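The opening position of the sequence shown corresponds to residue 1 in UniProt numbering, with each subsequent residue numbered one higher. The structure under discussion appears below in the form of structure tokens.
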Amino acid sequence: MGSLKKIGVLGGTFDPPHLGHLKLATHFAKLFKLDALLLIPSGHPWQKENVITSASVRLRLTEAAAIDLARAFLYLQIPTRVGIDQIEVDRPGPSYAIDTAKELRQRFGAQANLIWLMGADAFTNLPTWKHWQGLLSLMNFAVASRPEHSLHTELPPALAELLAQHQCQSAGELENHACGEIFIDETLAVDVSSTALREQLQNPSTYDLATASIPSHALEIITNLGLYR
């Protein structure tokens, strides 16, 4: 994979992975014509105390969801290769995005276009991440809007300044830079939350509603292990 030019990175707790993750991945894989897309489950998500599933199980869930994502790519004729990277699961201590970005940049080289894919909720929370202002020296950001998060009126001042300095106006502009660009995509409004899904899975009256938002292979593991019940 060292020769790849455009690599999308989708990190998260994936507790559980859901169709929102897959829709975001599919949208950006097609938009940027990604050579590869890496799903990276967080090993020790230090900001999320309510993560109730072990890293090993969440890795299994992510691997299962990747099967459905790869099948979606095949059906939609998207040539992007889907991979699972357990870089954060294997790394001891809290999972920091900056450490992951440094390792990926070292692995793929200075010329690779590394694109961190995220929803608007993650982007607005960026100033709470460790050494967050250093991420753009290693990666590009592709941000998908979410209905309940405004990227125009609710940004912290430091993040608004970062956006003013680094926002590009087109996907093509981002594709021409290995790092340092932020692309805001207003066309994809994904409104699925792992937190909400866990709550729904615990309630018999909303269980079926939740399962409709979970990829089939991941749902099979959740059902077999009795997760979130």
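Every residue, glycine too, gets a C-beta built ideally from N, C-alpha and C. This structure is a prediction, so every number in the text was calculated from the model and none was measured.
Spatial neighbours of residue i within its chain, please: C-beta separation below 6 Å, excluding the five flanking residues on both sides.
i           : result
residue 3   : In this prediction, residue 3 has a pLDDT of 45, which is less than 50 and means its spatial position is unreliable; nothing more can be read from the coordinates.
residue 10  : 25, 39 and 117
residue 130 : 96 and 98
residue 141 : 116 and 182
residue 30  : 78
residue 210 : 197, 200 and 201
residue 139 : 101, 114, 116 and 179
residue 206 : 200
residue 185 : 144
residue 23  : 190
residue 33  : none
Spell out the partners DSSP gives residue i in its beta bridges.
i           : result
residue 141 : 116 and 182
residue 52  : DSSP lists no partner for residue 52.
residue 36  : 7 and 81
residue 94  : DSSP, once it has assigned bridges, lists no residue as partnering residue 94.
residue 41  : 12
Which residue marks the beginning of the beta strand (DSSP E) containing residue i, and which one marks its end?
i          : result
residue 6  : 6-12
residue 84 : 81-84
How far does the alpha helix (DSSP H) with residue i in it reach, from first residue to last?
i           : result
residue 157 : 157-166
residue 192 : Run containing residue 192: none; DSSP gives neither H nor E here.
residue 224 : 216-225
residue 208 : 207-211
residue 174 : 171-175
Taking its Cβ as the centre, do 16 or more other Cβ atoms sit within 10 Å of residue i, making it buried, or is it exposed?
i           : result
residue 1   : Confidence at residue 1 is low in this model, with a pLDDT of 43, below 50, so its placement is unreliable and the value that follows should be read with caution. So residue 1 ends up on the exposed side.
residue 80  : buried
residue 12  : buried
residue 42  : buried
residue 161 : exposed
residue 21  : buried
residue 175 : buried
residue 233 : Nothing in the structure corresponds to residue 233, since the chain is present only between 1 and 229.
residue 230 : This structure cannot speak to residue 230, because the chain is shown only from 1 to 229.
residue 122 : buried
residue 45  : buried
Going along the chain, which residues of its own chain have a beta-carbon closer than 7 Å to the beta-carbon of residue i, five neighbours each way excluded?
i           : result
residue 104 : 9 and 114
residue 87  : 40, 100 and 103
residue 223 : none
Return the chain-ordered list of same chain residues with a C-beta closer than 8 Å to the C-beta of residue i, the five sequence neighbours on each side being excluded.
i           : result
residue 5   : 35, 111, 112 and 113
residue 52  : 15, 198 and 228
residue 155 : 124 and 163
residue 90  : 43
residue 83  : 1, 36, 37, 38, 39 and 66
residue 132 : 97, 98 and 126
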